[in-house]
Amino acid sequence: MAYLIDEQKLERVYLKSYHTIGRYKYSVDTLIDKPGVSRHHAIIELNENKWFIRDVSTNGIWINDKKLDKNLPYQLFENDKIDFAAPGQNSFVAANLQTECQYLVSQSNNQKVIEVTNQLLLPSEDEPKHIIYYDKLLSYWFLEDLNTSDRQALIDGSIISLMNDQWMFFSATTIAVTKHLECQKAAKPMALEFNVSQDEEDTQLSLNIDHKHLDLGVRSHHYLLLLLARARIQDKDAGLESDVQGWMYRDDLAKALGVQTNHMNIMVHRARKQFVDSGGDDYPEASFLLETRCGRVRLNCKDITIIKGSKLETRMTI
Numbered sequence: 001m002a003y004l005i006d007e008q009k010l011e012r013v014y015l016k017s018y019h020t021i022g023r024y025k026y027s028v029d030t031l032i033d034k035p036g037v038s039r040h041h042a043i044i045e046l047n048e049n050k051w052f053i054r055d056v057s058t059n060g061i062w063i064n065d066k067k068l069d070k071n072l073p074y075q076l077f078e079n080d081k082i083d084f085a086a087p088g089q090n091s092f093v094a095a096n097l098q099t100e101c102q103y104l105v106s107q108s109n110n111q112k113v114i115e116v117t118n119q120l121l122l123p124s125e126d127e128p129k130h131i132i133y134y135d136k137l138l139s140y141w142f143l144e145d146l147n148t149s150d151r152q153a154l155i156d157g158s159i160i161s162l163m164n165d166q167w168m169f170f171s172a173t174t175i176a177v178t179k180h181l182e183c184q185k186a187a188k189p190m191a192l193e194f195n196v197s198q199d200e201e202d203t204q205l206s207l208n209i210d211h212k213h214l215d216l217g218v219r220s221h222h223y224l225l226l227l228l229a230r231a232r233i234q235d236k237d238a239g240l241e242s243d244v245q246g247w248m249y250r251d252d253l254a255k256a257l258g259v260q261t262n263h264m265n266i267m268v269h270r271a272r273k274q275f276v277d278s279g280g281d282d283y284p285e286a287s288f289l290l291e292t293r294c295g296r297v298r299l300n301c302k303d304i305t306i307i308k309g310s311k312l313e314t315r316m317t318i
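Numbered according to full-length UniProt numbering, the sequence shown spans residues 1 to 318.
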């Protein structure tokens, strides 16, 4: 996380990727209501994994007792002392200038901070009601209600209601906000192979991508993927077109698994996370293996093999 320390209040000021400071209460991110501070006094922004500050004021900014040139970006470093409007006044310290980080800050108590990594179950792993996760396909962070499957996109500075509190989402990152599939490299061929025990108690899964074999082990959510694989194969055998094959409504999938919808949604996200982690930066296509749309889920793979016991149950290629 990235933040300044207000030396007078001894409070943290968390930084958005584009952060404004000044005396105009309704249009700045950090208010300094002091004489000499301009309505719009400073801009702090993240650029190419570095934090910069610009003076857009009337009375100036001092960094380590040296006045900045107006409108010229100055790179901030940790422990830099920043004075607004006059040297030795309205002083802040650049305490942390981390980049590529996401976190939630309580709006009732800014000492309550929750760091967000790849995906986060809230309020806890044991009794989750919401999940925050990054969608590589859309290049957005999302907050999803695990009971209703409703989700909202999170941008830097979003306010969300969680756990009887209001939280601001901070995303200090230089990753582009949007990406388009046509700009990505050509997708590499992917194949899934399921090995399910005769009693269907254990399901092992392997991912083959670009001729590389990845053993994903035995996981409970692999049985969910197996059900989706069977649904896709059944639709193909019935003669349905590829773009409509394999879709299952979340409620139907939960019933087939014998679990609550909340639990099923957690399984979906754990499966997606495993695909994302397995593919890494070399194989981003793996994050697209699970598709969700309008309350439905499907397995987005056109090469599927299912082995039950020691015998081939079915094989599908499109």
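Quick reminder that beta carbons are idealized off the backbone N, C-alpha and C, glycines included.
Closer than 6 angstroms by C-beta to residue i: which residues in its own chain qualify, once you throw out the five before and the five after it? Chain order, please.
{"i": "Tyr-140", "result": "Ala-153"}
{"i": "Lys-185", "result": "Note that Lys-185 scores a pLDDT of 44, beneath 50, so its modelled location is shaky; the value from the coordinates is reported in the next line. Answer for Lys-185: no residue qualifies."}
{"i": "His-263", "result": "none"}
{"i": "Gly-157", "result": "Lys-16"}
{"i": "Gly-60", "result": "Lys-67"}
{"i": "Ala-85", "result": "Gly-36, Val-37, Asn-59"}
{"i": "Gly-309", "result": "Gln-198"}
{"i": "His-180", "result": "With a pLDDT of only 34 at His-180, under 50, the local geometry of the prediction cannot be trusted, and the value read off the model is given with reservation. So the list is empty, once near-sequence residues are dropped."}
Which same chain residues, not among the five before or five after residue i, have their C-beta less than 7 angstroms away from its C-beta?
{"i": "Arg-298", "result": "Leu-228, Arg-232, Gly-246, Trp-247, Met-248, Glu-291"}
{"i": "Leu-146", "result": "Pro-128, Lys-129, His-130, Ile-131, Asn-262, Asn-265, Ile-266"}
{"i": "Leu-214", "result": "Ser-206, Leu-207, Ser-278"}
Going by other Cβ atoms of all chains shown within 10 Å of its Cβ, with 16 needed for buried, is residue i buried or exposed?
{"i": "Arg-293", "result": "exposed"}
{"i": "Asp-83", "result": "buried"}
{"i": "His-269", "result": "buried"}
{"i": "Gly-22", "result": "buried"}
{"i": "Thr-203", "result": "buried"}
{"i": "residue 358", "result": "Since the first residue shown for the chain is 1 and the last is 318, residue 358 is missing from the structure and cannot be characterised."}
{"i": "Tyr-223", "result": "buried"}
{"i": "Ile-132", "result": "buried"}
{"i": "Tyr-283", "result": "buried"}
{"i": "Ser-171", "result": "buried"}
{"i": "Asp-55", "result": "buried"}
{"i": "Val-244", "result": "exposed"}
What three-state label does DSSP hand residue i in the structure shown?
{"i": "Ser-310", "result": "coil"}
{"i": "Asn-90", "result": "coil"}
{"i": "Arg-219", "result": "coil"}
{"i": "Arg-293", "result": "strand"}
{"i": "His-263", "result": "helix"}
{"i": "Asp-33", "result": "coil"}
{"i": "Ser-22", "result": "Reading off the sequence, residue 22 comes out as Gly, not Ser. In this structure, Gly-22 counts as strand in the three-state DSSP scheme."}
{"i": "Ser-27", "result": "coil"}
{"i": "Leu-53", "result": "The question names Leu, but residue 53 is Ile in the sequence shown. Strand."}
{"i": "residue 355", "result": "Since the displayed the chain opens at 1 and closes at 318, residue 355 lies outside it and no answer follows."}
{"i": "Leu-120", "result": "strand"}
{"i": "Ser-287", "result": "helix"}
Going by Cα to Cα distance, which pick from the options is closest to residue i?
{"i": "Ala-42", "options": "Gln-102, Val-276, Asn-71, His-130", "result": "Asn-71"}
{"i": "Thr-314", "options": "Val-244, Ala-286, Ala-271, Val-196", "result": "Val-196"}
{"i": "Phe-142", "options": "Asn-109, Ala-85, Gln-102, Asp-281", "result": "Gln-102"}
{"i": "Ala-286", "options": "Thr-203, Glu-7, Ile-209", "result": "Ile-209"}
{"i": "Ser-57", "options": "Asp-69, Glu-200, Lys-273", "result": "Asp-69"}
{"i": "Asn-64", "options": "Ala-94, Pro-73, Trp-51", "result": "Ala-94"}
{"i": "Asp-237", "options": "Lys-311, Gln-8, Lys-302, Ile-132", "result": "Lys-302"}
{"i": "Thr-173", "options": "Ser-161, Tyr-134, Asp-150", "result": "Tyr-134"}
{"i": "Thr-305", "options": "Glu-100, Leu-205, Phe-52, Asp-277", "result": "Leu-205"}
{"i": "Leu-159", "options": "Gln-198, Arg-151, Leu-104, Asn-109", "result": "Strictly speaking, residue 159 in this sequence is Ile, with Leu absent from that position. Residue Leu-104 is the option with its Cα nearest to Ile-159."}
{"i": "Phe-169", "options": "Lys-136, Asn-110, Leu-226", "result": "Asn-110"}
{"i": "Glu-200", "options": "Val-13, Tyr-26, Thr-30, Ile-307", "result": "Ile-307"}
Suppose the cutoff is 8 angstroms on Cβ atoms and the five residues either side in sequence are ignored; what does the same chain contact list for residue i look like?
{"i": "Gln-274", "result": "Leu-216, Arg-219, His-221"}
{"i": "Asn-96", "result": "Met-1, Ala-2, Tyr-3, Glu-78"}
{"i": "Val-259", "result": "Met-267"}
* **Validate contact between the stretch 16-32 and the stretch 42-61 using beta carbons, cut 8 angstroms, 3 pairs** => yes
* Asked: Per the contact definition of three or more C-beta pairs closer than 8 angstroms, is the stretch 22-37 in contact with the stretch 84-92?
  -> yes
* Please determine if the stretch 110-128 and the stretch 190-205 are in contact, where contact requires at least 3 C-beta pairs separated by less than 8 angstroms. => no
* the stretch 98-117 touching the stretch 250-258, judged by at least three CB pairs closer than 8 angstroms -> no
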